[in-house]
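Trainee:
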Amino acid sequence: MGPLFNANDEWSFVIALVIGIAFGFILESAGFSSSRKLAGVFYGYDFVVLQVFFTAAITAAIGLLFFEYFGWIDLSAIWINKFYVGSAILGGGLMGLGFIIGGFCPGTSACASAIGKIDAMLFLGGFIIGVIIFDLFYPLYKPFYKASSMGASMIYDVLGMNKYVFLLLFVIVAILSFVGTAYIQQRVSKKTKKY
Amino acid sequence: MSDIRIIKKRYIFMASVFIGLALLLVLLPERHTLKELKAERLLQEVNDNTRYFTTDDVAEKIIANDAYMQLIDVRTPEDYKNFHLKGAINIPIDSILNKDEDGNYTYEGILNQDLKANVFYSNGTIYSNQVWLLLRRLKYKNNYVMEGGLNKWIETIIKPTKPSATASQKELDRYDFRRAASMYFGGASVTVSAEEDVPAPTPVIKKSASKEEEGGC
Amino acid sequence: MEDIKIQKPPKKYMNPYLAGVLLGIVILLSFYFTREGLGASGAFKRVVAKVEQTIVPSHLESENSAFHHYVTDGKDPLKNRLVYMIVGVFIGGFISGAINRRLKLKLEHSPKITSKKRAIAALIGGALFGLGSAFGRGCTSGAGLDGMAVLATSGFVVVAMIFGAGYVFAWFFRKLWI
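Top line first, the protein sequences correspond to chains A, B and C.
Quick note: to get this note's numbering, add 6 to the position in the first sequence (first position is 1).
Quick note: to get this note's numbering, add 138 to the position in the second sequence (first position is 1).
Quick note: to get this note's numbering, add 1 to the position in the third sequence (first position is 1).
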């Protein structure tokens with residue numbers, strides 16, 4: 007029964023490398039190595055980010071719950087990011103701002119750098135600077151960073167729902183968003199020239 | 139035009155597959171076979187001491203009338219009748235897995251919930267730890283153990299010993315708290331200690347290395 | 002989906018839904034084998050920790066560093082699966098770029114702005130993202146995608162905030178893109 011290895015088992019390193027290769031390959035193939043394509047999601051001319059992102063999320067979520075159902079994986083043993091309310095909200099906001107200005111996120115900038123995008127390399131440089139800044143002034147906001155923890159909180163617990171029902175709703179919302187964005191994209195690209 | 143129609147059809151098919159799979163998960167009967175925690179994981183949790191509430195924590199919460207803590211006495215009903223902590227309920231260790239007519243655990247509603255932290259205690263910690271371990275195996279959450287049990291409770295809260303003169307401010311503060319708590323619980327002698335001269339405290343600040351789990355990204 | 006596969010001319014991007022399903026399977030396998038999902042920012046944080054370890058070890062080892070747990074018990078910050086994963090991302094991206102003939106050294110920008118402007122924006126955006134992913138305990142993949150896959154509250158909140166903030170600020174920075 008999975009998970010088969012602990013995250014810092016030596017085997018995990020080898021598997022992580024293989025998974026990383028697949029991850030990078032898929033990101034690049036889907037067009038995530040182009041900042042203009044990525045930023046399209048915010049201007050309605052290209053929703054590839056949303057399409058890939060949510061399809062991946064619902065696929066993995068359905069898969070994990072089926073794996074659990076068949077007894078292949080112990081979901082209580084996998085790693086869940088803890089939820090610190092204030093820090094997560096601020097972090098998400100800053101990332102959104104960074105995304106719209108810089109045009110990448112860390113994973114996509116790594117694979118864009120690999121195919122020679124100079125703007126992606128600069129983004130990565132900026133990213134490292136941002137991390138250094140965070141660490142330099144860490145004592146200033148350490149209390150905030152660690153405040154209001156809700157632990158490994160699950161969204162369906164917060165909403166008071168059965169997890170399968172939540173998943174079903176999530177899938178439906180994702181598919182509706184695909185339909186909606188396809189419609190918007192059609193209208194926007196009729197109006198604006200293709201870049 | 140027909141190309142677009144074919145593509146559209148395929149998307150509709152894809153969408154139905156996703157919704158169908160999710161719906162299947164909702165409709166499938168619940169499986170009970172995998173309810174138990176893996177032994178390795180259990181061992182890891184046993185060695186991790188986060189399940190303990192100190193007697194000071196418990197005293198503080200009782201005094202503050204903290205509604206988010208539920209004390210559970212796992213000793214026999216006779217012992218419970220003789221003495222128990224304020225607000226504690228009694229679930230003797232041998233009845234912890236009692237089942238009702240439907241085959242469900244009688245105490246599941248109390249022992250497996252999100253709202254309150256259950257704190258088990260017995261005279262020592264053997265029984266309370268056994269209860270905790272049993273329930274963890276059933277993947278029940280939110281259960282804790284009072285460190286040292288009632289013996290420690292009496293030693294620290296009811297009859298606190300005075301720290302040595304060179305003790306840190308923290309220890310002195312704790313002693314004051316315990317004395318006040320002792321009075322609250324109607325414990326030992328009530329003599330005045332406030333005016334005793336306290337030597338200049340040498341603060342010993344021991345920081346526990348916070349082991350935060352790493353961010354996944 | 003196959004229709005795209007069959008008539009796949011070079012340089013055409015993969016169907017986003019196909020890519021999404023494949024990516025979802027990769028996430029699933031990652032959880033199945035290694036207990037954790039995907040991640041990108043963690044590796045760069047570890048690179049920073051490694052640099053700090055060589056230049057200012059006293060800072061890194063003190064409680065004043067957010068990364069001091071990377072080096073407790075004499076651990077090497079780079080000996081972590083996320084570091085191996087990002088190496089894989091570079092390799093995988095390069096392979097796909099090579100197959101699809103997209104390998105080219107260039108600075109991509111909207112025709113309405115200069116290269117210099119795009120370069121500065123990328124740098125600033127990167128820095129903001131770096132700060133954000135530190136606060137958010139992970140980036141779009143580690144906090145967002147993994148979080149949504151396991152139905153964690155943090156994942157949904159972070160994704161909502163990333164897209165929410167993106168749309169809120171999109172209007173101010175539209176000149177950079179359209």
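Glycine included, every Cβ here is placed at the ideal spot set by N, Cα and C.
Closest Cβ-Cβ distance between Lys12 (chain C) and chain A: below 8 angstroms?
Mentor: Chain A, which has no Cβ nearer than 8 angstroms to the Cβ of Lys12 (chain C), makes this no.
Trainee: Along chain B, in chain order, which residues have C-beta atoms closer than 7 angstroms to that of Val177 (chain A)?
Mentor: The answer, in chain order, is Phe156, Ile157 and Ala160.
Trainee: Which residues, in order along the segment 17 to 40 of chain C, keep a beta-carbon less than 7 angstroms from a beta-carbon of chain A?
Mentor: So the list reads Pro17, Tyr18, Ala20, Gly21, Val22, Leu23, Leu24, Gly25, Ile26, Val27, Ile28, Leu29, Leu30, Ser31, Phe32, Tyr33, Phe34, Thr35, Arg36, Glu37 and Leu39, given in the order they occur along the chain.
Trainee: For chain B, find out if any of its Cβ atoms is closer than 8 angstroms to the Cβ of Phe143 (chain A); answer yes or no.
Mentor: It does not: the Cβ of Phe143 (chain A) has no partner Cβ on chain B nearer than 8 angstroms.
Trainee: Could you spell out the range, first to last residue, of the beta strand (DSSP E) harbouring Ala255 (chain B)?
Mentor: Ala255 (chain B) -> beta strand (DSSP E) spans Ala255 to Tyr259.
Trainee: Give me the Cα-Cα distance between Ala144 (chain C) and Gly156 (chain C), rounded to the nearest whole angstrom.
Mentor: C-alpha separation (whole angstroms): 5 angstroms.
Trainee: Could you name the residues of chain A that Asp252 (chain B) contacts, counting a contact when the two beta carbons are closer than 8 angstroms?
Mentor: Ordered by position in chain A, the residues that pass the 8 angstroms Cβ test against Asp252 (chain B) are Asp163.
Trainee: For Val55 (chain A), return the contacting residues in chain B, with the cut-off set at a CB-CB distance below 7 angstroms.
Mentor: Result: empty, since nearest Cβ-Cβ is about 17 angstroms, beyond 7 angstroms.
Trainee: Tell me which residue opens and which closes the beta strand (DSSP E) that Val283 (chain B) is part of.
Mentor: Segment Asn281 to Met284, the beta strand (DSSP E) holding Val283 (chain B).
Trainee: For a cutoff of 8 angstroms on Cβ pairs, would you count Lys152 (chain A) as touching chain C?
Mentor: No, its Cβ sits nowhere closer than 8 angstroms to a Cβ of chain C.
Trainee: Let me confirm a value: Lys88 (chain A) is counted as buried when at least 16 other C-beta atoms fall within 10 Å, else exposed. Which label applies?
Mentor: Buried is the call here.
Trainee: Taking the continuous beta strand (DSSP E) assigned at Ser210 (chain B), which residues delimit it?
Mentor: According to the sequence shown, residue 210 (chain B) is Ile rather than Ser. It spans Met207 to Asp211 - the beta strand (DSSP E) in which Ile210 (chain B) sits, taken as one unbroken run.
Trainee: So, for Val160 (chain C): in the same chain, excluding its five sequence neighbours on each side, which residues have a beta-carbon less than 7 angstroms away from its beta-carbon?
Mentor: Contacts found: Gly145 and Met149.
Trainee: Counting only beta-carbon atoms, is Val171 (chain A) nearer than 8 angstroms to chain B?
Mentor: Yes, Val171 (chain A) counts as interfacial toward chain B.
Trainee: Is Tyr90 (chain A) helix, strand or coil by DSSP?
Mentor: Strand, per DSSP.
Trainee: Using the Cα positions of Leu310 (chain B) and Leu103 (chain A), report the straight-line distance between them to the nearest angstrom.
Mentor: If you take the alpha carbons of Leu310 (chain B) and Leu103 (chain A), they lie about 50 angstroms apart.
Trainee: Here's the rule I'm using: 16 or more other beta-carbon atoms within 10 Å means buried, otherwise exposed. How should Asn187 (chain B) be labelled?
Mentor: With fewer than 16 other Cβ atoms within 10 Å, it is exposed.
Trainee: Kindly list the residues whose CB is nearer than 6 angstroms to the CB of Arg175 (chain C), restricted to its own chain and excluding five residues on each side of it in sequence; keep chain order.
Mentor: Excluding sequence neighbours, Arg175 (chain C) sits near nothing in its chain.
Trainee: Measure the alpha-carbon distance for Glu34 (chain A) versus Phe110 (chain A) and round it to whole angstroms.
Mentor: Their Cα atoms are separated by approximately 13 angstroms.
Trainee: Got a sec: which bits of the segment 117 to 136 of chain A sit with their beta carbon under 8 angstroms from any beta carbon on chain C, in order along the chain?
Mentor: Residues Cys117, Ala118, Ser119, Ala120, Ile121, Gly122, Lys123, Ile124, Asp125, Ala126, Leu128, Phe129, Leu130, Gly131, Gly132, Phe133, Ile134, Ile135 and Gly136.
Trainee: Name, in chain order, the residues that DSSP records as bridge partners for Ile79 (chain A).
Mentor: According to DSSP, which records beta bridges pairwise, Ile79 (chain A) is partnered with A:Gly8.
Trainee: To the nearest angstrom, how far is it from the Cα of Ile150 (chain B) to the Cα of Phe95 (chain C)?
Mentor: Taking the straight line from one Cα to the other gives about 34 angstroms.
Trainee: Measuring only between beta-carbons, confirm whether Arg193 (chain A) sits less than 8 angstroms from chain C.
Mentor: No, because no Cβ of chain C sits closer than 8 angstroms to the Cβ of Arg193 (chain A).
Trainee: Distance check for Phe191 (chain B) and Leu44 (chain A), CA to CA, integer angstroms please.
Mentor: Each residue's alpha carbon lies about 50 angstroms from the other.
Trainee: Give the straight-line distance between the Cα atoms of Glu333 (chain B) and Pro298 (chain B), rounded to the nearest whole angstrom.
Mentor: For Glu333 (chain B), the pLDDT reaches just 34, beneath the cut-off of 50, and the residue's location in the model is therefore unreliable, leaving the point undetermined.
Trainee: Would you mind sorting Val330 (chain B) into buried or exposed? The rule is 16 or more other CB atoms within 10 Å of its CB.
Mentor: A caution first: Val330 (chain B) carries a pLDDT of 33, below 50, which makes its placement in the model too unreliable to give a value.
Trainee: How would you list, in chain order, the residues of chain A whose beta-carbon sits under 7 angstroms from the beta-carbon of Ala153 (chain B)?
Mentor: Correct list: Ile181.
Trainee: What are the partner residues of Lys237 (chain B), as DSSP defines its beta bridges?
Mentor: Its beta-bridge partners are B:Tyr243.
Trainee: Please report the straight-line C-alpha distance between Ile28 (chain C) and Asn14 (chain A), rounded to a whole angstrom.
Mentor: Computed Cα separation, rounded: 17 angstroms.
Trainee: Going straight from the alpha carbon of Gly98 (chain A) to that of Tyr90 (chain A), what length do you get?
Mentor: Taking the straight line joining both Cα atoms gives about 12 angstroms.
Trainee: Is the distance from the Cβ of Val164 (chain B) to the Cβ of Val179 (chain A) below 8 angstroms?
Mentor: Contact: no.
Trainee: In its own chain, which residues sit with a C-beta less than 6 angstroms from the C-beta of Val328 (chain B), not counting the 5 before and 5 after it?
Mentor: The predicted model places Val328 (chain B) with a pLDDT of 37, which falls under 50 and marks its position as unreliable; any figure quoted below should be read in that light. Answer for Val328 (chain B): Met321, listed in chain order.
Trainee: For Val53 (chain C), count neighbouring Cβ atoms within 10 angstroms of its own Cβ and tell me buried if that reaches 16, exposed if not.
Mentor: Sequence check: residue 53 (chain C) is Glu here, not Val. So Glu53 (chain C) ends up on the buried side.
Trainee: With C-beta atoms as the reference, is Leu23 (chain A) less than 8 angstroms away from Gly89 (chain C)?
Mentor: Yes, the pair counts as a contact, with Cβ atoms nearer than the cut-off.
Trainee: In three-state terms, what does DSSP make of Tyr190 (chain B)?
Mentor: Tyr190 (chain B): strand per DSSP, three-state reduction.
Trainee: Mind checking the segment 57 to 80 of chain C against chain A and listing, in chain order, the residues whose C-beta falls within less than 7 angstroms of any C-beta there?
Mentor: For the segment 57 to 80 of chain C, which is checked against every Cβ of chain A, the residues closer than 7 angstroms are Asn65, Ser66, Ala67 and Phe68.
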